[in-house]
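When we follow numbering that gives the first Met the number 0, the leftmost residue of the sequence shown carries the number 0, and every step to the right adds one.
Reading through the structure tokens given below for one structure.
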Amino acid sequence: MLLSAALSGAVTPPSYTARQPDLPSVSPRVPDAAVSAVGVSGQAVSNRQAISPAGVGTSSASSPPTNTEREGDGDAEAARAAELEQRAASAEAEMQRLLQQEIRTLAQRDREVRAHEQSHLAVGGQYAGPVSYDFQRGPDGRQYAVGGSVAIDVSPVANNPEATLQKMQQVQRAALAPAEPSPQDLAVAAQAAQQAAASRAELAQESLSTDADDEDDSASAVSGNADADDEGVTAGESSSESAAADRVDDSTLRSRSALASYQSAEQGANLSSLLDLRA
Numbered sequence: 000m001l002l003s004a005a006l007s008g009a010v011t012p013p014s015y016t017a018r019q020p021d022l023p024s025v026s027p028r029v030p031d032a033a034v035s036a037v038g039v040s041g042q043a044v045s046n047r048q049a050i051s052p053a054g055v056g057t058s059s060a061s062s063p064p065t066n067t068e069r070e071g072d073g074d075a076e077a078a079r080a081a082e083l084e085q086r087a088a089s090a091e092a093e094m095q096r097l098l099q100q101e102i103r104t105l106a107q108r109d110r111e112v113r114a115h116e117q118s119h120l121a122v123g124g125q126y127a128g129p130v131s132y133d134f135q136r137g138p139d140g141r142q143y144a145v146g147g148s149v150a151i152d153v154s155p156v157a158n159n160p161e162a163t164l165q166k167m168q169q170v171q172r173a174a175l176a177p178a179e180p181s182p183q184d185l186a187v188a189a190q191a192a193q194q195a196a197a198s199r200a201e202l203a204q205e206s207l208s209t210d211a212d213d214e215d216d217s218a219s220a221v222s223g224n225a226d227a228d229d230e231g232v233t234a235g236e237s238s239s240e241s242a243a244a245d246r247v248d249d250s251t252l253r254s255r256s257a258l259a260s261y262q263s264a265e266q267g268a269n270l271s272s273l274l275d276l277r278a
């Protein structure tokens, strides 16, 4: 150990130094708790423990965000808002597209239905009508015809097969008038065709009956004429026979008269008189 003393105004006596053996340098050990309590700058930093709402874990207090961090958060929020707005706009555009497509479909159906029923009316004439429609309200609030029907008369004309045939032919044309006849249209056309066939058969039967009656009348007329001819021939033959008999009688009488004359005048008659008689 080094010993020194200083006295004011006193003479310093010679000093002695006692040499001590070299000892290893040992740094004083500072407790860990003390180290954790000392900051880099020598200032004390409090080490606080925070309990989470769940009651477990610890977290150290965070520093307030900088301006750059605030700007980054604002940009992210704006991007998310823009994305949501774009999605909403896309959904609205898709909805409008579907609505417009539905309106076009309804309008096309309306035109087809009206043209279909008008075809029935135009060809059916007095046997078709009235027309009725089934409507549906579209997204635009308008009423569109989605179905329709036309009443048509398929009853036969009483006691008139010819008129029934003409009527059924017109009904059949009216049923098949649209470009695409419906199953009901085809059924009506088939019914009209059946009625028309029945009318043709009835007309054919009437025609056969009329022809048979005409043949009977003709046969009767021919028979009557033949009878009259026979009667005429018989009367003619009788007249001819009577005339012939008369002629024979006249000839006989003349011959007899000539003979009597010849005999009565036998004395004075000559040959020439006899030849003249014969001539």
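We put the CB at the ideal spot given by N, CA and C, even for glycine.
Computed from a prediction, not measured in an experiment: that's the story for all the values here.
In terms of residue numbering, what span does the beta strand (DSSP E) encompassing residue i cover?
i      : result
Ala144 : 142-151
Kindly list the residues whose CB is nearer than 6 Å to the CB of residue i, restricted to its own chain and excluding five residues on each side of it in sequence; keep chain order.
i      : result
Ala127 : His119, Leu120, Val149, Ile151, Ala173
Tyr143 : Leu105, Asp109, Gln135, Gly137
Asp184 : Ala174
Pro160 : Ser198, Glu201, Leu202
Less than 9 Å between CB atoms is the rule here; does residue i satisfy it with respect to chain B?
i      : result
Ala106 : This model lacks chain B altogether; it includes just one protein chain.
Residues in its own chain within less than 7 Å of residue i by CB, not counting five upstream and five downstream?
i      : result
Lys166 : Tyr126, Val156
Ala186 : none
Arg79  : none
Pro129 : Ala150
Ser181 : none
Ser131 : Gly147, Ser148
Would you grab the beta carbon distance between residue i and residue j for me? Rounded to a whole angstrom, and I think it's under 8 Å.
i      : j      : result
Val112 : Val145 : 7 Å
Thr163 : Ser206 : Not really, about 15 Å apart at Cβ, beyond 8 Å.
Val122 : Ala176 : 4 Å
Ala196 : Gln168 : That belief does not hold up - the Cβ atoms of Ala196 and Gln168 are roughly 11 Å apart, past 8 Å.
Which same chain residues, not among the five before or five after residue i, have their C-beta less than 8 Å away from its C-beta?
i      : result
Glu179 : His115
Asn158 : none
Gly124 : Gln169, Ala173
Glu101 : Gly137, Pro138
Task: Unbroken stretches of the beta strand (DSSP E), 3 residues or longer, contained in the region 119-191 - done: If we require 3 residues or more, the beta strand (DSSP E) runs fully inside the region 119-191 come out as 127-136, 142-151.
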